[in-house]
Amino acid sequence: MTIDAHAHIIPKDFPVEDGFPRMEAIDHDTARTLMFGTTNFRAKDVFFDVERRIEAMDAAGVAEEIVSPMPPLLNYTIAPVLGLSIARYVNEVVARYVRDGEGRIHGLGIVPMQDPALATAELGHFRDLGLRGVEVASHINGVPIGDPRFTEFFHEVDRLGISVFIHTMPRMDEVALPPSLRASIGVGLEGARGATSLLFGGMADVCSLDHVLFSHAAGGLPLMLARADYFWAQQPEDTRSAEPPSAVARRFFYDSMVFDPRGLQFVVDYLGSDRVVLGTDFPAMPRPARLADTLEAMELAPEDVENIDSRNARAFLSLEPTPLATLSA
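In numbering that gives the first Met the number 0, the protein residues as written are 0 to 328.
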């Protein structure tokens, strides 16, 4: 029952409207080119063809996917009203993918986070569309996702009971790195920065955040938690938070995109097998020939394997557990 909790889709076409993304056909190829702002991305047909998507899932032994729009569509630099129009179109496409996936595809939508009030109001339409949650970036035009201006957004997430996938978005103005490292080291830095802002910036004290998933295992955050716990313990009890940083971090979910089984083993050992989901960034990145093989290089108990393989992804989305009879079929 393997579930890929980090996979992306792109609409095959967009309306011909000013400011909207474009998908341009490529001669003699089933791929198309996504053009949006500074983005120029060649998208294989599996990004937008549900039949091809199901074929790819079957080939990798993936029973279900949690799909979200490709991150370049999280363009928060455009006007909020335009952002809302694009989000509504993309969300309708995602909803159609879910319907065509016949129970094997679970969809996350997007909202114009550059206008927190507009984004918050838009969440009310998600359940009607059949979307299980929302994808947001780790920062909104340089403002970390845990900033207080997004408190009402997360209050509404709690009220509606929907899930939030926080996708790392490297900063184009990252001065600490050369541009060639923004998509590698930059993703790790920003993942940890965004997760830290949400976990320890006060949001976790006022919102439950029970169904939040961080992409790329929140960058290097897990490796820094022991150090954070040490300094937390040095503070007077009346000035520190009630829980150490590692305890707060264990309230959230993290995907397996760390590129090395040793790193993944550490995340599982430190945060717990009930906090990790399988994720691949497919089809932007190649998926293992069989996704479940990701766990074979690790020394895990059968229950831990089941947690990471599917159970945690279903918990993230508040889906009913799969009956044991189905698991053994």
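Every residue gets a Cβ at the ideal spot worked out from N, C-alpha and C, and that includes glycine. The structure displayed is predicted, hence computed values, not measured ones.
As the crow flies, the alpha-carbon of R181 is around 31 Å from that of T1. In this structure, the straight-line span from the alpha carbon of W231 to that of V257 is close to 27 Å. Here L159 is exposed. Its C-beta has fewer than 16 other C-beta atoms within 10 Å. Taking all protein chains shown into account, R31 has 16 or more neighbouring C-beta atoms within 10 Å of its C-beta and is therefore buried.
Below 8 Å, enough C-beta pairs join the region 104-122 and the region 64-82 to call them touching: three or more. Of the candidates L117, V66 and S137, the residue whose Cα lies closest to the Cα of L107 is V66.
The three-state secondary structure of H210, taken from DSSP, is coil. Remark: three or more beta-carbon pairs, one from each stretch, lie closer than 8 Å, so the region 218-226 and the region 248-268 are flagged as touching.
Judged by DSSP in its simplified three-state form, G123 adopts helix. By the neighbour-count criterion, in which 16 or more other beta carbons inside 10 Å mark a residue as buried, V276 falls on the buried side. Put simply, the backbone Cα of G36 is about 16 Å away from that of I139.
In this chain, A248 is not harboured by any beta strand (DSSP E); it is covered by the alpha helix (DSSP H) spanning P244 to A248. Per DSSP, the unbroken beta strand (DSSP E) holding G108 starts and ends at I104 to G108. For L73 against A4, the beta-carbon gap comes to about 18 Å, at or over 8 Å, which does not count as contact. Contact annotation: R131 and S317 have beta-carbon atoms nearer than 9 Å.
For G132, the enclosing beta strand (DSSP E) covers residues G132 to A136. Remark: C-beta atoms of A283 and D308 do not approach each other more closely than 9 Å. According to the DSSP assignment, D3 belongs to the beta strand (DSSP E) that extends over I2 to I8. DSSP places R21 in the uninterrupted beta strand (DSSP E) bounded by R21 to A24. In its chain, beyond the 5 residues on either side, P10, P68, L72, G108 and I109 have a beta carbon closer than 8 Å to the beta carbon of V89. In this structure, DSSP gives F265 a helical state, which the three-state scheme calls helix.
For V186, the secondary structure class from DSSP, reduced to helix, strand or coil, is helix. If you look at M34, you'll find it in the beta strand (DSSP E) that goes R31 to F35. DSSP places E295 outside any alpha helix (DSSP H), giving it a letter other than H or E.
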